[in-house]
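Trainee:
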Amino acid sequence: MESRTKAANHLKVVRTGQQRGTGLSELAYWGDEQAFLDALRARDPAATAALFDAHQGMVLAVLARVLGVDSELRDLLQEVFVRALRGVHTVRDGRVLQQWLRQIAVCTAMDCLRRRRRRRWLKLVAPDDLEEPAAPAVNSEAREALRHVYRILDAFPAEERLVFTLRTFASMELTEVASASKCSLATIKRRLARAEARFEIAARSHPVLSRWLEEGDRWGQQ
Amino acid sequence: MTRLDQIAKTVIAEQDEMLRELNIAPQVRPGLLQALRNRPKSALRWVAVAVPAAAALAVVWHLRSPALTYTAGSSRNNANVGSWLAAPAGGELALHFSDRSTVTLGASSHARVVDLRAREVKLLLENGRVSVTVIHNKNRNWHLRAGPFDVAVTGTRFDVGWSPEHEQFFVHTLEGKVEVTGEQFGARGVSAGETLRAERLDGRWRFTETDVPTNQPTALSVSSSSSVASAQAAGVEPSNPLPSSSVKRGAPSPATPSWRELVAAGQYRAALEQAESDGFEGLCQRSNLSDLLALSEAARFAGRVDRARLALTSLRERFRGEAAASVATFTLGRMAFDGSRDYLGAAKWFRAYLAEQPGGSLAREAAGRLVESLERGGDHANAQAAARDYLARYPDGPQKRLARQILGQ
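So the sequence lines, in the order shown, correspond to chains B and F.
Numbers 1 to 222, taken from the numbering used here, label the letters of the first sequence in order.
Numbers 223 to 631, taken from the numbering used here, label the letters of the second sequence in order.
(1) Three or more beta-carbon pairs under 8 Å between the region 559 to 576 of chain F and the region 586 to 599 of chain F, yes or no?
(2) Does any residue of chain F have a CB that is nearer than 7 Å to the CB of B/A84?
(3) If you follow the alpha helix (DSSP H) that F/H602 is in, where does it begin and where does it stop?
(4) Quick one: Cα of F/R334 to Cα of F/E342, how far?
(5) For a test of the three-state rule: what should DSSP assign to F/L290, helix, strand or coil?
(6) Should F/T553 and B/A142 be called a contact, given that it needs their Cβ atoms to be closer than 7 Å?
(7) Tell me the residue span of the beta strand (DSSP E) that contains F/R522.
(8) Work out the CA separation of B/L51 and F/G253 for me, nearest whole Å.
(9) Does F/H667 pass the burial test, meaning 16 or more other C-beta atoms within 10 Å, or should it be called exposed?
(10) Applying the criterion that 16 or more other CB atoms from any shown protein chain within 10 Å of the CB defines a buried residue, is F/S413 buried or exposed?
(11) For a contact meaning CB atoms closer than 9 Å, what does F/P617 contact in chain B?
(12) Per DSSP, what are the beta-bridge partners of F/H318 in this structure?
(13) Would a C-beta distance cut-off of 7 Å place B/R102 and B/A170 closer than the cut-off?
(14) Would you kindly check if the distance between the Cβ of F/F572 and the Cβ of F/G555 is under 7 Å?
(15) Output the distance between the C-alpha atoms of F/P620 and F/R529, rounded to the nearest integer angstrom.
(16) Output the distance between the C-alpha atoms of F/P465 and F/S480, rounded to the nearest integer angstrom.
(17) Within the same chain, show all residues whose beta-carbon is closer than 8 Å to that of B/M58, passing over the 5 residues directly before and after it, in chain order.
(18) Do we get a CB-CB distance below 7 Å when we pair B/F81 with the residues of chain F?
(19) So that I know if they touch, is there some Cβ in chain B lying closer than 7 Å to that of F/T535?
(20) Does DSSP put F/G457 in a helix, in a strand, or in coil?
(21) Can you tell which of F/L484, F/A574 and F/L290 has its C-alpha closest to the C-alpha of F/Q496?
(22) Would you call B/T175 buried or exposed, if buried means 16 or more other Cβ atoms sit within 10 Å of its Cβ?
(23) By the 9 Å beta-carbon criterion, what residues does the region 94 to 123 of chain B contribute toward chain F?
(24) Say whether chain F places a C-beta atom closer than 7 Å to the C-beta of B/E149.
(25) Measuring straight from C-alpha to C-alpha, what distance separates F/D618 and B/F156?
(26) Would you kindly report the start and end of the unbroken beta strand (DSSP E) that includes F/A333?
(27) Along the chain, where does the alpha helix (DSSP H) containing F/K570 start, and where does it finish?
(28) To the nearest angstrom, report how far apart F/A589 and F/Y612 are at their CA atoms.
(29) Between F/R610 and chain B, is there a C-beta pair that is closer than 7 Å?
(30) Can you tell me where the beta strand (DSSP E) with F/E348 in it begins and where it stops?
(31) Nearest chain B C-beta to F/T232 closer than 7 Å, yes or no?
(32) Just to confirm, are B/V244 and B/R191 a CB contact at a threshold of 7 Å?
(33) Taking F/A230 as the reference, give the member of B/R95, B/L73, B/V149 and B/L76 with the closest Cα.
(34) Using a cut-off of 8 Å between C-beta atoms, extract the partners of F/M557 located in chain B.
(35) Chain B beta carbons: is any one of them nearer than 7 Å to that of F/L254?
See below:
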């Protein structure tokens, strides 16, 4: 009987994009999150593709903000969705899919930071030998500043880096950071304060970052 | 603004540009399903010995129950799950599945393959008649849904007919056995040579079961042409169509196609005219969800926004809580935006959609359209608030530029 109910739910799955010649990702579940969830649990390729298309931008942004644009990003993006699809049976409410995916992205980024820290501790790879961002050689001031930001962050404890980047670069609310990091709000606030202070001290030694900080001060006073 | 804002802005802008240049998503997307079939790397390290066995098992499993594909008509390309399949008025449409199962749509019949997995295939007969030949595979279940009835089958040959207009259903089994479940009915097996018919009269379903062969007159004829064509396709004698005098509830004669048939044929103006002569308002009150959507489409494509709006608002009221009702809400917004240029009216519909389906499949588009509607409608303050929400929820969304522009970033 249960399978019949599921079958009935699946029958709500209607492809609207197809008639207009659009791609798989436009498979519309008519806003029926439960049907979408069922299809994901069943590893339906169209649903998987739809999930990826809908959320890859957000996931990639979270990973990039925390880790920097890195040659590992491709593998990490895949890892987030593989983790998500393997664990999709634990999701009870399809409406929280985005929030849940963001949490997985944050956890994946955190795992990556810890892996890197272990590698450094074992001196298998010196920090300076870590792969540079896989960006094309652009010599702009901004690109150089970006590289320096992540060099500073490489010296941060993983927990502080996570909080700092999610709050400052991913523009997440503190409560969202707390929820995604599975920490209390008070802990997040403490870590953020420490991280901001640490970042500012380090940034003042870099001419461009230092200038931007001063400009920020002026803006802040206005 | 904090003093880190300038740095944050630069980091975000530079990273976004780098991500665009690297174009990572298209490189990951194709491999995702493959990766799902493999074990995660961390697990592989300590269970390396088990990998060959797991891979072999996966291969065996895959060979036992390969994922299915299908083609429609003479096309050599695989058709997509969910595609709307329509047989022409004067002929059939054959679907060929990769396991050699076939489904033949009778003339003017409409169906969809709504699920196509290794272990389960689901078909939806929207109207008309199909002849189904399923190649038996104990690991794979087939379901055919027609109106409120579900036909479950593991391997057999059978015909199914469904007329939403007359609320008539039948299943005739030629080989093997199928199980039919449905409203006010429970479950019932229909064996080879048996026919089960159902018709809704005065709000109640009436069922008749016969074990007569199909070359005897039937008590239900969904469509005389489909019946003949489909029966011939199935290799049996055609069913005799019911004499027109005994067809209940005034089925339209073949010379006057129903509005549904006209919609299916893409003749939207004619479909709308037919629906008007059938009583458009009445149709809005009694049609099922699928018909209401078809009615609204006919009206939209015929340029009758008022009629489309009526069909969609009826759908919203009558099927409140259904996901399709929210889609109707979104469509109403789009019509107001694109058709009437009533931007503030459109904004109300997009807001309503987001309230009903905050995480729905159209939520991103609705949020983007809301920003644009408010801005175009001259409500700059609310457009800014909507833009902030949009960027918070969809930082890489297609309307991010507009949202940033509105916020002066």
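Quick reminder that beta carbons are idealized off the backbone N, C-alpha and C, glycines included.
Because the structure is a prediction, the values reported are computed rather than measured.
Mentor: So, from the listed chains and residues:
(1) yes
(2) Along the first sequence, read from residue 1 onward, the residue named residue 84 of chain B stands at position 84. Judged by the 7 Å Cβ criterion, B/A84 is not in contact with chain F.
(3) For the purposes of this step, residue 602 of chain F is identified with residue 380 of the second sequence, where counting begins at 1. That run of the alpha helix (DSSP H) goes H602 to R615.
(4) Translated into positions along the second sequence, residue 334 of chain F becomes position 112. Translated into positions along the second sequence, residue 342 of chain F becomes position 120. Distance between the alpha carbons of F/R334 and F/E342 is about 15 Å.
(5) Stepping through the second sequence from its first residue, residue 290 of chain F is reached at position 68. Coil, per DSSP.
(6) For this step, residue 553 of chain F is matched to residue 331 along the second sequence. For this step, residue 142 of chain B is matched to residue 142 along the first sequence. No; because the gap between Cβ atoms is not below 7 Å, this pair is not in contact.
(7) Looking up residue 522 of chain F in the second sequence gives position 300. Counting along the chain, F/R522 falls outside any beta strand (DSSP E), though it belongs to the alpha helix (DSSP H) covering L511 to F523.
(8) Your numbering for residue 253 of chain F matches position 31 in the second sequence. Your numbering for residue 51 of chain B matches position 51 in the first sequence. Roughly 14 Å between the two C-alpha positions.
(9) Only positions 223 to 631 of chain F appear in this structure, which leaves residue 667 of chain F out of reach.
(10) Here residue 413 of chain F corresponds to residue number 191 of the second sequence, with the count starting at 1. It counts as exposed.
(11) Counting from 1 along the second sequence, the entry for residue 617 of chain F is found at position 395. Going along chain B in sequence order, the residues near F/P617 (Cβ under 9 Å) are G57, M58, A61, A170 and S171.
(12) Residue 318 of chain F sits at position 96 when you count from the first residue of the second sequence. F/H318 is bridged to F/T293 and F/T324.
(13) As a first step, residue 102 of chain B must be located in the first sequence, where it is residue number 102. As a first step, residue 170 of chain B must be located in the first sequence, where it is residue number 170. Result no, Cβ atoms of B/R102 and B/A170 do not sit closer than 7 Å.
(14) As a first step, residue 555 of chain F must be located in the second sequence, where it is residue number 333. As a first step, residue 572 of chain F must be located in the second sequence, where it is residue number 350. Taking 7 Å as the Cβ cut-off, F/G555 and F/F572 qualify as a contacting pair.
(15) For the purposes of this step, residue 620 of chain F is identified with residue 398 of the second sequence, where counting begins at 1. For the purposes of this step, residue 529 of chain F is identified with residue 307 of the second sequence, where counting begins at 1. Taking the straight line from one Cα to the other gives about 31 Å.
(16) As a working mapping, residue 465 of chain F is identified with position 243 in the second sequence. As a working mapping, residue 480 of chain F is identified with position 258 in the second sequence. Because F/P465 carries a pLDDT of 28, less than 50, the predicted location of this residue cannot be relied on, and the following value inherits that uncertainty. Approximately 19 Å between the Cα atoms of the pair.
(17) By one-based count along the first sequence, residue 58 of chain B stands at place 58. Hits under 8 Å: Q98, L101, R102 and A105.
(18) By 1-based counting over the first sequence, the position of residue 81 of chain B is 81. For B/F81, the answer is yes, since a Cβ of chain F falls inside 7 Å of its Cβ.
(19) On the second sequence, position 313 is the one that residue 535 of chain F refers to. So, not an interface residue.
(20) What you label residue 457 of chain F is simply residue 235 of the second sequence in a count that begins at 1. For F/G457, the predicted model reports a pLDDT of 33, less than 50, meaning its position is unreliable and no value from the coordinates is stated.
(21) The sequence position of residue 496 of chain F within the second sequence is 274, counting from 1. Checking every option, the nearest Cα to that of F/Q496 belongs to F/L484.
(22) The residue you call residue 175 of chain B lines up with position 175 of the first sequence. Classification for B/T175: exposed.
(23) G94, R95, V96, L97, Q98 and Q99
(24) Here residue 149 of chain B corresponds to residue number 149 of the first sequence, with the count starting at 1. The question names Glu, yet the displayed sequence has Val at residue 149 of chain B. So, interface residue.
(25) Taking the second sequence and counting its residues from 1, the one referred to as residue 618 of chain F is at position 396. Taking the first sequence and counting its residues from 1, the one referred to as residue 156 of chain B is at position 156. Cα to Cα, the separation comes out at about 27 Å.
(26) Locating residue 333 of chain F in the second sequence gives position 111, where the first residue counts as 1. Taken as a continuous stretch (DSSP letters only), the beta strand (DSSP E) holding F/A333 covers H332 to L338.
(27) Stepping through the second sequence from its first residue, residue 570 of chain F is reached at position 348. Residues Y565 to E578.
(28) For this step, residue 589 of chain F is matched to residue 367 along the second sequence. For this step, residue 612 of chain F is matched to residue 390 along the second sequence. Spanning the two alpha carbons is a distance of roughly 6 Å.
(29) Residue mapping note: residue 610 of chain F aligns to position 388 of the second sequence, counting from 1. No, its Cβ sits nowhere closer than 7 Å to a Cβ of chain B.
(30) Stepping through the second sequence from its first residue, residue 348 of chain F is reached at position 126. Start and end: E342 to T355.
(31) Translated into positions along the second sequence, residue 232 of chain F becomes position 10. Yes, its Cβ sits closer than 7 Å to a Cβ of chain B.
(32) Examination of residue 244 of chain B is not possible in this model, given that chain B is present from 1 through 222 alone.
(33) Mapped onto the second sequence, residue 230 of chain F falls at position 8. Ranking the options by Cα distance to F/A230, first place goes to B/V149.
(34) Position 335 of the second sequence, counted from the start, is the residue given in the question as residue 557 of chain F. Within chain B, no residue comes near F/M557; the closest Cβ sits about 15 Å away, beyond 8 Å.
(35) For the purposes of this step, residue 254 of chain F is taken as residue 32 along the second sequence, with counting starting at 1. So yes, F/L254 belongs to the interface.
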